[in-house]
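**Q** Protein chains in written order, with our numbering: chain A, 333 to 695; chain B, 333 to 695; chain C, 333 to 695.
Pasting a structure below so you can have a look.
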Amino acid sequence: MVGTLELHPRLRGPIDVRVHHIGIERPRLLLDTIPENPGALLALGNRHVVSALQFDRELVVQLCRLAADIEVRPTLAHMPLTGKILITAFLEPSTRTRLSFESAWHRLGGDILSITDPTTTGIAKGESLADVAEMFSNYGDAVVLRDSGERSVYEMIETLRVPIINAGNGIDEHPTQALADLYTIFKWRPDLATDAPETRVRIGVIGDPGRMRTVRSLLLLLSLFAWTIEEVVVINRTDDLFDPGQREQLEQRGLKIRTATRLRPELPALDVVYINSIAWVGDTFERLTGDLQLDSDSPFKAGAIVLHPLARGAELDVSLDATRHNWYFSQARGATFLRMALLTSMVERVHRVADVKPPSKAV
Amino acid sequence: MVGTLELHPRLRGPIDVRVHHIGIERPRLLLDTIPENPGALLALGNRHVVSALQFDRELVVQLCRLAADIEVRPTLAHMPLTGKILITAFLEPSTRTRLSFESAWHRLGGDILSITDPTTTGIAKGESLADVAEMFSNYGDAVVLRDSGERSVYEMIETLRVPIINAGNGIDEHPTQALADLYTIFKWRPDLATDAPETRVRIGVIGDPGRMRTVRSLLLLLSLFAWTIEEVVVINRTDDLFDPGQREQLEQRGLKIRTATRLRPELPALDVVYINSIAWVGDTFERLTGDLQLDSDSPFKAGAIVLHPLARGAELDVSLDATRHNWYFSQARGATFLRMALLTSMVERVHRVADVKPPSKAV
Amino acid sequence: MVGTLELHPRLRGPIDVRVHHIGIERPRLLLDTIPENPGALLALGNRHVVSALQFDRELVVQLCRLAADIEVRPTLAHMPLTGKILITAFLEPSTRTRLSFESAWHRLGGDILSITDPTTTGIAKGESLADVAEMFSNYGDAVVLRDSGERSVYEMIETLRVPIINAGNGIDEHPTQALADLYTIFKWRPDLATDAPETRVRIGVIGDPGRMRTVRSLLLLLSLFAWTIEEVVVINRTDDLFDPGQREQLEQRGLKIRTATRLRPELPALDVVYINSIAWVGDTFERLTGDLQLDSDSPFKAGAIVLHPLARGAELDVSLDATRHNWYFSQARGATFLRMALLTSMVERVHRVADVKPPSKAV
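Structural data, given as structure tokens:
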């Protein structure tokens with residue numbers, strides 16, 4: 333069989349920790365650049381996080397700063413969420429996002445109740461989401477919900493008494509993915525989180541703002557930093573990409589948007605290339621194809637970074653992994669630290685990880 | 333999309349903790365009324381909990397008292413189950429009951445191994461329940477089992493060396509649900525747990541004692557407090573409701589039982605209305621219909637309370653939620669505290685949460 | 333119903349902890365016989381465990397010694413894996429092995445992220461195992477993988493940056509089961525782990541070395557102790573049992589192997605009888621039948637022990653459970669302690685449970 337007659341080379345000694353992609357110096361750079369203001373995070377106390385519309389600039393910046401602060405520490409001195417229980421309800425299955433949230437919560441010292449299979453829930457028996465929310469309020473201190481329907485999270489907040497995070501509601505939003513995207517961008521260029529960026533950047537977004545939740549939430553957050561962005565180029569096969577009112581809203585918030593149908597001609601001018609694999613259409617998806625692909629031979633601008641929320645399809649070739657354009661692995665890793673910062677803020681425990689007064693009275 | 337062009341009102345600030353249904357003053361009332369006697373709980377040490385027949389009056393009362401004691405504390409000073417492992421084996425899927433038990437165990441400081449999908453167990457490969465019990469005895473300190481078969485829990489106790497809780501065995505029993513029901517009733521009227529109730533109560537049970545496990549267990553526990561109960565009216569479409577010998581047994585234990593086929597004429601005289609949605613027939617169920625429904629316009633007696641083990645169907649209209657008859661949400665919430673009291677007793681850790689001597693030698 | 337008219341005898345009092353199979357004196361005997369050398373375990377630090385080929389004699393012996401040391405302690409004084417996260421990825425479902433690993437990790441103080449249903453993973457969407465390994469490296473501190481494919485674990489170690497345990501890869505290997513088998517044998521006869529065994533033993537292996545992962549790994553580990561083994565008799569219906577080169581490799585390592593097609597004539601001369609129920613053929617299995625069965629009337633040698641990795645089929649009759657030949661229950665129980673020793677070593681925490689210096693710098 334595979335390795336029983338001769339031992340596989342990788343099994344002959346300790347793990348060779350190869351290229352660590354993007355190292356610890358990046359969050360340090362972010363910490364050095366952004367002034368500490370953890371008080372801004374108190375605004376998240378006992379609040380739901382459903383839409384990227386809920387965030388202002390300082391909140392995003394301070395979340396990223398706290399994430400960086402956590403990322404550079406070897407371990408947390410005190411577990412801020414000891415005794416707290418998270419309910420992860422993945423009614424639309426997802427391993428990657430679930431593990432990221434559960435890893436974040438456990439690293440903060442909390443316990444978890446998981447729902448990974450919707451067919452085992454009362455919801456399958458026809459129970460209303462309002463009743464499920466009542467149940468969750470009794471058994472947990474916070475909820476992470478993913479569902480293929482856009483309305484589910486909005487139905488739950490009608491009765492929910494503990495904070496919920498929208499971890500993807502159909503084709504609508506996925507705000508914590510967008511926060512993790514910005515955390516990655518700010519680790520790459522901390523000056524973009526300040527009033528005075530060194531240079532403005534051109535960002536390419538390969539995807540569909542009206543049908544991809546990650547793209548929708550990302551554009552909303554990017555619009556909070558519009559003065560740092562030369563232009564966002566939305567690239568897809570057609571240019572019928574926006575929901576009614578969506579593009580106008582983003583432009584009103586200051587974002588300069590252009591659409592394009594071919595990627596290669598745009599690439600040499602892009603500082604950030606955000607690519608996504610999955611175009612949700614109801615419960616199914618179609619893959620991007622043809623010109624909308626990246627590999628190590630693509631005509632990147634020097635120093636350009638590539639982001640991808642993963643899992644990837646053929647649009648992101650593995651030949652890119654070993655290049656310096658690969659920031660998508662750093663993005664995946666950083667998502668956990670960003671979620672640690674967010675969760676700690678939502679359950680009113682910022683004072684246990686940052687220098688700020690506790691809320692006078694937690695509800 | 334849903335909330336991206338305009339922010340949903342509930343997302344504009346902290347969670348509005350609306351009506352908390354039944355407040356903290358209720359368990360306080362129970363604590364003030366019932367004399368402390370935690371020694372009674374030592375009888376549960378290292379014992380299985382399979383049938384409501386196992387309980388005597390003082391045990392039920394002291395479990396409810398300890399549950400109340402836990403409910404009124406902000407947090408437990410010491411986690412009594414640190415280092416203990418619970419196995420939750422839901423061979424018949426259920427989210428609500430599983431989350432309640434897992435929340436209870438985590439709040440006591442313990443860890444959990446979950447089986448939520450019977451197709452992933454050895455049982456699917458034809459392994460005997462005696463062998464599964466042997467396995468569970470090695471890997472956990474206690475077991476919670478739900479199964480659609482009546483015999484499974486009895487097969488497991490043949491070889492199990494750690495305590496098991498029957499969390500529903502087919503149409504047979506569900507004793508911890510019944511304990512949670514009594515906890516709710518005693519929070520409402522603590523005098524019913526004493527020798528001298530102020531007045532006796534009339535309890536309506538809409539359901540099927542011979543085919544509903546929750547009803548079967550509830551009637552057994554109610555019979556321990558027969559002197560406080562004017563009458564139990566069992567209401568259903570037919571009056572062929574009892575198993576052979578079941579009604580006679582309850583009457584021997586002192587319960588006065590009457591059957592009725594219509595709900596509305598009975599309602600104005602009922603102090604407690606216990607309604608259930610699901611009539612198990614093998615693996616399927618039929619819903620109660622027609623006259624057997626409650627809403628805010630139903631002719632309740634003043635001060636009457638409504639209980640329901642949830643999840644609900646059409647028999648319990650949401651218009652009742654905002655009324656003072658709604659004690660079913662308190663019932664669901666209290667179930668966790670009751671289970672905390674029970675689990676702590678079963679794994680011989682009462683002395684860590686109440687003033688009682690530890691067992692001289694835990695087995 | 334089952335037990336509501338009359339209480340089941342087993343429910344009338346505390347659990348009768350019947351025959352504890354093999355008691356605590358066995359690991360004590362092992363501790364007394366084997367000299368302490370925990371430094372040998374440092375070789376496992378930050379290493380994958382995929383094949384039995386990775387182990388040398390002293391490593392196996394010291395792992396068994398540490399397992400015994402853990403087994404005899406009432407509880408661990410310090411939880412060596414506090415704050416560490418294990419990912420259990422059972423892409424081929426298994427309850428028994430998953431619970432054993434999860435129980436081991438929890439008893440060491442760590443937290444767990446479980447994947448019990450492969451259809452909920454990105455793998456089902458076509459994500460590569462290299463990308464899954466990248467994800468696991470971000471979210472956990474160690475991984476346990478079971479998969480029906482032989483290659484999966486080898487694909488993951490190409491990119492994985494945290495230690496992985498192969499908990500069964502198709503028909504290839506299952507090294508921790510084999511370690512647990514040796515732990516059982518050494519508890520029975522600690523002298524077999526020394527240079528000078530009192531007597532050599534004859535071991536019967538009923539199974540298929542080329543198609544059963546447990547047997548393949550066991551034979552490799554047994555060959556490390558060849559001087560203690562008179563002979564291994566591999567018993568099956570045919571004698572076409574080995575992969576090309578497999579038997580030659582074992583014989584080169586010093587093991588004396590004979591094959592036989594009937595069990596009963598061999599039994600009276602066997603000291604150890606290892607029997608296995610399941611012959612994997614791709615994703616399905618065939619049961620052993622006919623002569624290849626054991627029960628309490630089988631012609632065992634006096635003092636012979638029976639091992640079985642469980643779950644069992646008809647080949648291992650329950651009439652054997654109450655006999656002194658039953659060491660398979662001890663084997664199942666001990667597997668958790670063996671895995672505790674192994675996991676602690678792999679994540680570089682041996683110094684927290686044994687008297688050895690910590691690694692100067694954990695990677």
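Note that the Cβ used here is the ideal one computed from N, Cα and C, for glycine as well.
Predicted, not measured: the structure shown is a model, and the values here were computed from it.
Give the residues of chain A in contact with residue 344 (chain C), contact being defined as C-beta atoms less than 7 angstroms apart.
**A** Within 7 angstroms Cβ-Cβ: nothing; residue 344 (chain C) doesn't reach chain A, min ~33 angstroms.
**Q** Using C-beta distances below 7 angstroms, list every residue in its chain close to residue 344 (chain A), excluding the 5 sequence neighbours before and after it, in chain order.
**A** Here the set comprises nothing.
**Q** Using DSSP with H/G/I as helix, E/B as strand and the rest coil, what is residue 356 (chain B)?
**A** Three-state DSSP puts residue 356 (chain B) in coil, outside helix and strand.
**Q** Counting contacts by CB-CB distance shorter than 8 angstroms, is residue 552 (chain B) in contact with chain C?
**A** For residue 552 (chain B), the answer is yes, since a Cβ of chain C falls inside 8 angstroms of its Cβ.
**Q** If the cut is a Cβ gap below 9 angstroms, which residues of chain C does residue 684 (chain A) touch?
**A** Those within 9 angstroms of residue 684 (chain A) in chain C number zero; the least Cβ separation is about 15 angstroms.
**Q** Grab me the residues of residue 612 (chain A)'s own chain with a C-beta within less than 8 angstroms of its C-beta, minus the 5 sequence neighbours each way, in chain order.
**A** Per-residue confidence for residue 612 (chain A) stands at a pLDDT of 43, beneath the threshold of 50, marking its modelled position as unreliable; the derived number appears in the next sentence. Within the same chain, residue 612 (chain A) has close Cβ partners 502, 503, 543, 544, 545.
**Q** If we cut at 8 angstroms on Cβ distances, does residue 493 (chain B) have a partner in chain C?
**A** By this cut-off, residue 493 (chain B) is an interface position.
**Q** By Cβ distance, which residues of its chain are closer than 8 angstroms to residue 649 (chain C), with the 5 residues on each side in sequence left out?
**A** Taken in chain order, the residues that qualify are 625, 626, 627, 628.
**Q** Please tell me whether, using a cut-off of 7 angstroms, the distance from the CB of residue 363 (chain A) to the nearest non-hydrogen atom of the ligand ZN is below it.
**A** Within the structure as shown, the ligand ZN is missing, as the structure has no ligands at all.
**Q** Kindly indicate which residue of B:369, B:340, B:339, B:361 has the alpha-carbon position closest to the one of residue 689 (chain B).
**A** When each option's Cα is compared against that of residue 689 (chain B), the closest is B:369.
**Q** Give a yes or no on whether the minimum CB-CB distance between residue 643 (chain A) and chain C is below 8 angstroms.
**A** Yes, contact with chain C.
**Q** Can you give the Cα-Cα distance for residue 435 (chain B) and residue 446 (chain C), rounded to whole angstroms?
**A** For residue 435 (chain B) and residue 446 (chain C), the distance between alpha carbons rounds to 18 angstroms.
**Q** Does residue 664 (chain A) get closer than 8 angstroms to chain C when you measure Cβ to Cβ?
**A** Yes, contact with chain C.
**Q** Tell me the DSSP bridge mates of residue 402 (chain B)?
**A** Residue 402 (chain B) is not bridged to any residue.
**Q** Residues in the same chain with beta-carbon distance under 7 angstroms from residue 410 (chain A), minus the five sequence neighbours each way, listed in chain order, please.
**A** Excluding residues within five positions, the ones whose Cβ falls inside 7 angstroms are 684.
**Q** Could you check what DSSP says for residue 501 (chain A) in three-state terms: helix, strand or coil?
**A** In the structure shown, residue 501 (chain A) sits in a strand (DSSP, three-state: E or B).
**Q** Looking at the secondary structure, which residues open and close the alpha helix (DSSP H) in which residue 451 (chain A) lies?
**A** Run containing residue 451 (chain A): none; DSSP gives neither H nor E here.
**Q** Tell whether a beta-carbon distance below 8 angstroms holds between residue 680 (chain A) and residue 377 (chain A).
**A** The answer is yes: Cβ separation under 8 angstroms.
**Q** Along the chain, where does the beta strand (DSSP E) containing residue 372 (chain C) start, and where does it finish?
**A** Element bounds for residue 372 (chain C): n/a, residue is neither H nor E.
**Q** Compute the Euclidean distance between the alpha carbons of residue 700 (chain A) and residue 341 (chain B), then round it to the nearest angstrom.
**A** Within the shown structure, residues of chain A are numbered from 333 to 695, placing residue 700 (chain A) beyond reach of any answer.
**Q** Would you grab the beta carbon distance between residue 533 (chain C) and residue 560 (chain C) for me? Rounded to a whole angstrom, and I think it's under 8 angstroms.
**A** Residue 533 (chain C) to residue 560 (chain C), Cβ: 7 angstroms. Contact.
**Q** Output, in chain order, the set of chain A residues within a Cβ distance shorter than 8 angstroms of residue 358 (chain C).
**A** None at all; the shortest Cβ gap to chain A is about 30 angstroms.
**Q** So which residues on chain F does residue 379 (chain B) lean against when the C-beta distance must stay under 8 angstroms?
**A** The structure shown has no chain F; the protein chains it does contain are A, B and C.
**Q** Can you check whether the CB of residue 536 (chain B) is closer than 8 angstroms to the CB of residue 602 (chain B)?
**A** Contact: yes.
**Q** Is the CB of residue 681 (chain B) under 8 angstroms away from at least one CB in chain A?
**A** Judged by the 8 angstroms Cβ criterion, residue 681 (chain B) is not in contact with chain A.
**Q** Rounded to whole angstroms, what is the Cα-Cα separation between residue 448 (chain C) and residue 425 (chain C)?
**A** When rounded, the distance between both Cα atoms is 6 angstroms.
**Q** Using alpha carbons as the reference points, say which of C:563, C:513, C:555 lies closest to residue 584 (chain C).
**A** Minimum Cα distance to residue 584 (chain C) is reached at C:555.
**Q** List the residues of chain C whose Cβ lies closer than 9 angstroms to the Cβ of residue 449 (chain B), in chain order.
**A** Here the neighbours are 425, 448, 449.
**Q** Indicate the three-state DSSP secondary structure (helix, strand or coil) for residue 387 (chain B) in the structure shown.
**A** DSSP places residue 387 (chain B) in coil when its eight states are reduced to three.
**Q** Could you check how far apart the C-beta atoms of residue 723 (chain B) and residue 491 (chain B) are, in whole angstroms? I think they sit under 8 angstroms.
**A** In this structure chain B extends from 333 to 695, so residue 723 (chain B) is not present and cannot be described.
**Q** In its own chain, which residues sit with a C-beta less than 8 angstroms from the C-beta of residue 363 (chain C), not counting the 5 before and 5 after it?
**A** Counting only Cβ-Cβ distances below 8 angstroms, and skipping sequence neighbours, we find 397, 400, 401, 404.
**Q** From A:653, A:484, A:430, A:495, pick the residue whose C-alpha is nearest to that of residue 375 (chain A); which is it?
**A** The option with the nearest alpha carbon to residue 375 (chain A) is A:495.
**Q** Name, going along the chain, the residues of the segment 576 to 588 of chain C whose beta-carbon falls closer than 8 angstroms to a beta-carbon of chain A.
**A** Going along the segment 576 to 588 of chain C in chain order, one finds 577, 578, 581 with a Cβ nearer than 8 angstroms to chain A.
**Q** Verify the CB distance criterion: does residue 382 (chain A) have a CB-CB separation below 8 angstroms to chain B?
**A** At least one chain B Cβ lies under 8 angstroms of residue 382 (chain A).
**Q** Tell me whether the beta-carbon of residue 696 (chain A) lies closer than 8 angstroms to the beta-carbon of residue 666 (chain A).
**A** Examination of residue 696 (chain A) is not possible in this model, given that chain A is present from 333 through 695 alone.
**Q** Residues in the segment 539 to 551 of chain C with C-beta within 7 angstroms of chain A's C-beta atoms, listed in sequence order?
**A** So the close ones are 548.
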